[in-house]
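Following our numbering, the numbering of the first sequence begins with 10 at its first residue and continues without gaps.
Beta carbons are placed, not taken as given, at the ideal position from N, Cα and C, and that holds for glycine.
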Amino acid sequence: MAVVTRFAPSPTGFLHIGGARTALFNWLFTRHHGGVFRLRIEDTDRVRSTQPAIEAIIDGLSWLGVDWDDEIVYQSQRAERHAEVARQLLAAGHAYHCFATQEELAEMREAARREGRPIRYDGRWRDRDPSEAPPGVPPVIRLRAPQEGETVIQDLVQGEVRVGNEHLDDMVLLRADGTPTYMLSVVVDDHDMGITHVIRGDDHLNNAFRQAHVFLGMGWELPAFAHIPLIHGPDGSKLSKRHGALGVDAYRDMGYLPEAMRNYLLRLGWGHGDEEIIDTERAIELFDLDGVGRSPARFDMVKLTNLNGHYMREAEDGRLVDLIWPHLQALVAPHPLSEAARDLLVRAMPGLKVRAKTLVELASSAAFYVRPRPLPMDEKAAKLLDPEAKQLLRDLAPRLEGIDDWTETEAEARVRSFAEDQGKKLGKVAQPLRAALTGSTTSPGIFEVMALLGREETLARLRDAAA
RNA sequence: GACCCCAUCGUCUAGUGGUUAGGACACCGGCCUUUCACGCCGGCAACACGGGUUCGAAUCCCGUUGGGGUCGCCA
């Protein structure tokens, strides 16, 4: 049977890390098996669901490179179908009207809590005749869940999980206003969409037992379930905004590459022997549910950053320049960036990208190449350019002016011979030179910088710094 | 509180009855070197605890502890 999966976020905020990983696992699993991956927006909570959130989720998935098949299903548009199923369940005796008021239920829960009893609907309308209904109370429809025996879920990640039916309660399927609840909607949609594998967060494991009885009541076949462990914060507690439960867009803004994020998320809760660096093609080839671990994993920004450094080094130079362009523009503003600047940056990328771990770092380390003179000096660089160093640079300048064949090799030869003539170690000359040319004490190889900058710009910066 | 899930280096993980318990990130040394990175070499570091089962347990069973999740007319 062909695999059909779905990612079903509720649009009440951005696409956070946990959701992104759930989407990724679904997508990888589906692509691995050559199935269909669908996107369903669970916007039945009309108050909390927003259009910007829907867009943020779609943007997040697109950035991640997770694409879906078929049109997006909006759960809110299927309310009538959901209500119809509730009525069918009612007609078949698998559901019943409950006339308990919200106040009554709150009181019931409070009493249960006080007495230390399980907090759960007590089934007070389960066997009562609707003719006993109090006047003026619109009823909800509740599932008539079994009270004896046990419910067993064969979870593809968690294994066999069983719970005694006495622990199940009669959940609300249709609200008093006639709108369906999430518990009903998911089941109906998963069935109608032909979902074969429900891969979602562990927080839904308990729901699976209850949802199973909706499937059963309708005579529908149960999908396979795979409940993946949640992602925790660095301290082991639930991942919160404080930790990094940010939207994936925040990571994009911090300068992370989507392929790095994909690799990181993949390895968080899934493993394949000793393989660490796994690109998307390889991930699709390898990914399956049996490799998913059962324990929660902590989010580790440092490891993400390391992976990002790896993928930056692998990234194509032109693409990197495109990605840092907006950052760069902001850094050199109001000075505009030219086409020539772009070419220069592309050529400079190999030396730059091995030294940066994020695009933001890359942008700031690249800026000196395209900044207008006079170059701003950072504190260490300024300090380095003492009178002695300036004199050295003044003496060096004439040795460079005569070079017609301005190459890295030639520049290196001239600087080295100059240092030798001065009786100085190369570093004594190279560091002031670096400060003058880059405004910093760290940079790519200084001869590479000279070659890329060109003779006139190099000389001009030298003069600026020696003044 | 009830129910469910989980437990190997600091972190992510490999390991499915017999291994010097492996890899990666981080950290600490060293090499390379004009700086910083990259790269390479080396080091530190774990089976939560207690009982079983077994000739033998990180691996199987039970319990304890710890962590997490769920108990809405939210999703």
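For residue 362, which residues in the same chain have their Cβ closer than 8 Å to its Cβ, ignoring the five residues on either side in sequence? 321, 322, 324, 326, 329, 371
Compare the C-alpha of residue 367 against each of 269, 445, 293 and name the closest. 269
By how many angstroms is the C-alpha of residue 51 removed from the C-alpha of residue 57? 11 Å
As a quick exercise: from 377, 472, 379, 296, pick the residue whose alpha carbon is nearest that of residue 282. 296
Compute the distance between the beta-carbons of residue 346 and residue 375, then report whether it is under 8 Å. no
In angstroms with no decimal places, state the Cα-to-Cα distance between residue 210 and residue 335. 36 Å
Within the continuous beta strand (DSSP E) that includes residue 48, where are the two ends? 45-50
Please name the residue, chosen from 174, 45, 40, that lies closest to residue 157 on a Cα-to-Cα basis. 174
Could you have a look at residue 206 and say whether DSSP puts it in helix, strand or coil? strand
So residue 189 packs on residue 95, CB below 8 Å; how close in whole Å? 7 Å
How do the region 213-227 and the region 284-299 stand: do at least 3 beta-carbon pairs fall below 8 Å, yes or no? no
Integer Cβ distance of residue 13 from residue 203, believed to fall under 8 Å: 5 Å
Mark residue 181 as exposed unless 16 or more other C-beta atoms lie within 10 angstroms of its C-beta, in which case mark it buried. buried
What did DSSP end up calling residue 12 once you bin it into helix, strand or coil? coil
What residues in its chain sit with their C-beta under 6 Å from that of residue 475, if we drop five residues either side in the sequence? 399, 402, 403
In the region 326-367, which residue ranges form an unbroken alpha helix (DSSP H) of at least 4 residues, counting only runs that do not cross its ends? 326-341, 348-362
Examine the Cβ distances between the region 238-246 and the region 299-312 and report whether three or more of them are shorter than 8 Å. yes
Would you kindly work out how many angstroms separate the C-alpha atoms of residue 48 and residue 70, rounded to a whole number? 10 Å
Tell whether a beta-carbon distance below 8 Å holds between residue 205 and residue 185. no
4-residue-minimum alpha helix (DSSP H) runs that sit fully inside the region 65-121, ordered along the chain: 88-100
With a threshold of 16 other CB atoms inside 10 Å of the CB of residue 454, please say whether the residue is buried or exposed. exposed
Can you tell which of 27, 421, 273 has its C-alpha closest to the C-alpha of residue 9? There is simply no residue 9 to check, as the chain begins at 10 and stops at 476 in what is shown.
Could you check the C-alpha separation between residue 31 and residue 275 for me, to the nearest Å? 10 Å
Output the distance between the C-alpha atoms of residue 542 and residue 93, rounded to the nearest integer angstrom. This structure gives no information on residue 542, because the portion of the chain shown stretches from 10 to 476.
Residue 272 versus residue 352: straight-line alpha-carbon distance, rounded: 30 Å
Whole angstroms is fine: what's the gap from residue 523's alpha carbon to residue 395's? Past the boundaries of the shown model lies residue 523; the chain is included only from 10 to 476, so the question cannot be answered.
For residue 128, which three-state DSSP category applies? coil
Helix, strand or coil for residue 39 per DSSP? helix
Start and end of the beta strand (DSSP E) containing residue 222? Run containing residue 222: none in the beta strand (DSSP E); it sits in the alpha helix (DSSP H), 214-227.
Can you check whether the CB of residue 129 is closer than 8 Å to the CB of residue 178? yes
Opposing strand residues paired with residue 289 [DSSP bridges]: The partner list for residue 289 (beta bridge, DSSP) is empty, contrary to what the question assumes.
Exposed or buried, what is residue 150 when buried is set at 16 or more other beta-carbons lying within 10 Å of its beta-carbon? buried
In the region 160-207, which residue ranges form an unbroken alpha helix (DSSP H) of at least 4 residues, counting only runs that do not cross its ends? 191-201
If we ignore side chains and look at the alpha-carbon of each, how far apart do residue 319 and residue 309 end up? 16 Å
Starting from the Cα of residue 246, find the closest Cα among 307, 406, 53 and give me that residue. 307
Near residue 229, what residues of its chain come up, given a Cβ to Cβ distance below 7 Å and the 5 sequence neighbours on each side ignored? 200
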